[in-house]
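Take a look at the structure below.
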């Protein structure tokens, strides 16, 4: 039966060529949407690594104050912020804060401890932060320790804390990265002192990158961080925001400050990340509607033209269920022709490693796209197959 259906639809390939092309295009669009959606879902399921509720970001500018005086003013400002009863914690940080669309990446070499050979790494998100960041953002330490007063003493290696993703990149065999070395060009090497779960400042939907933290110590006079992450107590609002920005202007001559909540920044980032998938999804809905109308129209026309044939089949003993299954099988075979062309294109993406997307993401998108089109074809064939099954032999033959 199946072989007969394939032969029948192959003989009608010219009549159904446009519909097959339409199914092919629909599969390509669904494959693209499915790849994006599956990739976003896979990213979303991974841990964010921090708690952004009740966290504000204070950005300040130093105006025309001489640089030698800026570090002292910054220390006064941090002391004032921490003394505020509505502020539970404050940590200096570079500008690549959560949900800010700013990043700072570097490439380092992994140094093998037994033979000092180097293995190059991919891009690593680098964060220069105050030691208080762990308490402010509720980071989960899974191994080793966090930055402490002992790290203020300069040693042979710069102490760093990394995330689990960077640990897996350093040692794919599952070894601990504690005391491991990361080396760059013409700069001090780093020694790993701790490992945190994650710190995905690009948000839940972005492909996570390995992360590394370097501490901004109290006596540091080389890097002036101009952002502060504040954990405020519940109920804090506009009054505290005004008070903090006034403190910036009062303490720093010519300084100005602005405050944004991480919750608002997260909302803005999510909207921007979802814009492209939603646009593609809307396009695919309209394309699927056109495919559905095409499938329905082809079935309706075929049944109208084949009433005599279907009547003869009923007169020769074919059951209503058999006629219905034949009509449904024909449309599924037609859909298979379009899917075969689409799969020939889609399978090239995982084979060529396009856009560095994992192969399982592509294969999942193929299954989703094929399943959606088969489901659409089945739904479109239900009513016409009932009409075909309801043809009475005597009526059909009399019309002929």
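Residue numbers (this note's numbering): 6 to 405.
In this text, a Cβ means the ideal position worked out from N, Cα and C, and glycines have one as well.
As the structure is a prediction and not an experimental result, all values here were calculated from the model.
Beta carbon of residue 93 nearer than 8 Å to that of residue 238: To locate residue 93, count along the chain shown from 1; it is residue 88. To locate residue 238, count along the chain shown from 1; it is residue 233. A contact, by the Cβ cut-off of 8 Å.
Cβ contact (3+ pairs, closer than 8 Å) linking the stretch 245-265 and the stretch 58-68: yes
Given residue 206 as reference, the closest of 37, 137, 129 once Cα atoms are compared: Mapped onto the chain shown, residue 206 falls at position 201. The shortest Cα separation from residue 206 among 37, 137, 129 belongs to 129.
Cα-Cα separation between residue 230 and residue 105, rounded to whole angstroms: Within the chain shown, numbered from 1, the residue matching residue 230 stands at position 225. Within the chain shown, numbered from 1, the residue matching residue 105 stands at position 100. Distance between the alpha carbons of residue 230 and residue 105: 15 Å.
Span of the beta strand (DSSP E) around residue 26: If you number the chain shown from 1, residue 26 lands on position 21. No beta strand (DSSP E) contains residue 26, which is instead part of the alpha helix (DSSP H) from 22-49.
As assigned by DSSP and simplified to three states, the class of residue 65: Numbered from its first residue, the chain shown carries residue 65 at position 60. Looking at residue 65 - three-state DSSP - the assignment turns out to be strand.
Where residue 104 falls: helix, strand or coil (DSSP): The sequence position of residue 104 within the chain shown is 99, counting from 1. Reduced to three states, the DSSP call for residue 104 is coil.
Cβ-Cβ separation, residue 63 to residue 264 (assumed contact under 8 Å), whole Å: By one-based count along the chain shown, residue 264 stands at place 259. By one-based count along the chain shown, residue 63 stands at place 58. The pair is a contact, with the Cβ atoms about 5 Å apart (cut-off 8 Å).
Cβ contact (3+ pairs, closer than 8 Å) linking the stretch 359-376 and the stretch 26-43: yes
Residue interval of the alpha helix (DSSP H) (run including residue 178): Within the chain shown, residue 178 is the residue found at index 173, counting from 1. That residue, residue 178, is in no alpha helix (DSSP H); it is neither H nor E in DSSP.
Alpha helix (DSSP H) runs wholly inside the stretch 188-213, at least 4 long, in chain order: none
Close beta carbons around residue 385, own chain, < 6 Å, minus the five adjacent residues each side: As a working mapping, residue 385 is identified with position 380 in the chain shown. Here the set comprises 297, 300, 301.
Rounded C-alpha distance that separates residue 274 from residue 208: Position 269 of the chain shown, counted from the start, is the residue given in the question as residue 274. Position 203 of the chain shown, counted from the start, is the residue given in the question as residue 208. Their Cα atoms are separated by approximately 8 Å.
Residues near residue 123 by beta carbon distance below 8 Å, same chain, minus five either side: Residue 123 sits at position 118 when you count from the first residue of the chain shown. Closer than 8 Å at the Cβ level, and outside the excluded window around residue 123, lie 114, 115, 116, 117, 188.
Option nearest residue 97 by Cα separation, candidates 107, 26, 80: In the chain shown, counting from the first residue as 1, residue 97 sits at position 92. Among 107, 26, 80, the Cα nearest to that of residue 97 is on 80.
6 Å CB neighbourhood of residue 138 in its chain, flanking five on each side removed: Within the chain shown, the letter at position 133 stands for residue 138. Closer than 6 Å at Cβ, skipping near neighbours: 96.
Spatial neighbours of residue 357 in its chain, beta-carbon cut-off 8 Å, leaving aside the 5 residues before and after: Position 352 of the chain shown, counted from the start, is the residue given in the question as residue 357. For residue 357, where only same-chain residues beyond five positions count, there are no Cβ hits under 8 Å.
Cβ distance (whole Å) where residue 291 is taken to contact residue 25 below 8 Å: Counted from its first residue, the chain shown places residue 291 at position 286. Counted from its first residue, the chain shown places residue 25 at position 20. Not quite, the Cβ-Cβ distance comes to about 19 Å (not below 8 Å), so this is no contact.
Inter-stretch contact at 8 Å, needing at least 3 Cβ pairs: the stretch 208-220 / the stretch 236-253: no
CB-CB length for residue 133 against residue 168, believed under 8 Å: Residue mapping note: residue 133 aligns to position 128 of the chain shown, counting from 1. Residue mapping note: residue 168 aligns to position 163 of the chain shown, counting from 1. With 8 Å as the limit, residue 133 and residue 168 do not qualify as a contact, their Cβ atoms being about 15 Å apart.
Residue 147 - containing alpha helix (DSSP H), residue span: Residue 147 sits at position 142 when you count from the first residue of the chain shown. Per DSSP, residue 147 belongs to no alpha helix (DSSP H); it is in the beta strand (DSSP E), 146-149.
Spatial distance of residue 36 from residue 354 (CA atoms): In the chain shown, the residue the question calls residue 36 occupies position 31. In the chain shown, the residue the question calls residue 354 occupies position 349. Looking at the two C-alpha atoms, the distance is approximately 11 Å.
Neighbour-count burial assignment, residue 272, 16 or more Cβ in a 10 Å radius: By one-based count along the chain shown, residue 272 stands at place 267. Per the 10 Å Cβ criterion, exposed.
Close Cβ partners of residue 165 (< 8 Å) along its chain, the five nearest in sequence each way excluded: Your numbering for residue 165 matches position 160 in the chain shown. Correct list, in chain order: 187, 195, 196, 197, 198, 217, 218, 219.
Strand pairing of residue 262, partner residues [DSSP]: The count along the chain shown starts at 1 and reaches residue 262 at position 257. According to DSSP, residue 262 bridges with 65.
Straight-line gap, residue 142 to residue 53 (C-alpha atoms, nearest Å): For the purposes of this step, residue 142 is taken as the residue at position 137 of the chain shown. For the purposes of this step, residue 53 is taken as the residue at position 48 of the chain shown. Taking the straight line from one Cα to the other gives about 11 Å.
Segment limits, alpha helix (DSSP H) that includes residue 77: The sequence position of residue 77 within the chain shown is 72, counting from 1. Unbroken alpha helix (DSSP H) run through residue 77: 72-88.
Boundaries of the beta strand (DSSP E) in which residue 164 is found, first to last residue: Within the chain shown, the letter at position 159 stands for residue 164. It spans 163-168 - the beta strand (DSSP E) in which residue 164 sits, taken as one unbroken run.
C-alpha distance - residue 377 paired with residue 31, whole-angstrom precision: Within the chain shown, numbered from 1, the residue matching residue 377 stands at position 372. Within the chain shown, numbered from 1, the residue matching residue 31 stands at position 26. The straight-line gap from Cα to Cα measures roughly 10 Å.
Nearest residue (CA-CA) to residue 266, options 46, 58, 45: Mapped onto the chain shown, residue 266 falls at position 261. Checked all of 46, 58, 45; the closest Cα to residue 266 is 58.
Where residue 401 falls: helix, strand or coil (DSSP): Within the chain shown, numbered from 1, the residue matching residue 401 stands at position 396. Summary for residue 401: the model assigns pLDDT 49, below 50, so the residue's position carries little reliability; its value from the coordinates is reported in the next sentence. DSSP places residue 401 in helix when its eight states are reduced to three.
Span of the beta strand (DSSP E), counted from its first residue to its last, around residue 221: The count along the chain shown starts at 1 and reaches residue 221 at position 216. Where residue 221 is concerned, there is no enclosing beta strand (DSSP E), given that its DSSP letter is neither H nor E.
Closest residue to residue 305 among 183, 389, 177, 178 (Cα-Cα distance): Position 300 of the chain shown holds residue 305. Residue 305 has its Cα closest to that of 389, out of 183, 389, 177, 178.
Alpha carbon of residue 234 to alpha carbon of residue 201, nearest angstrom: Residue 234 sits at position 229 when you count from the first residue of the chain shown. Residue 201 sits at position 196 when you count from the first residue of the chain shown. Going from the Cα of residue 234 to the Cα of residue 201 covers about 18 Å.
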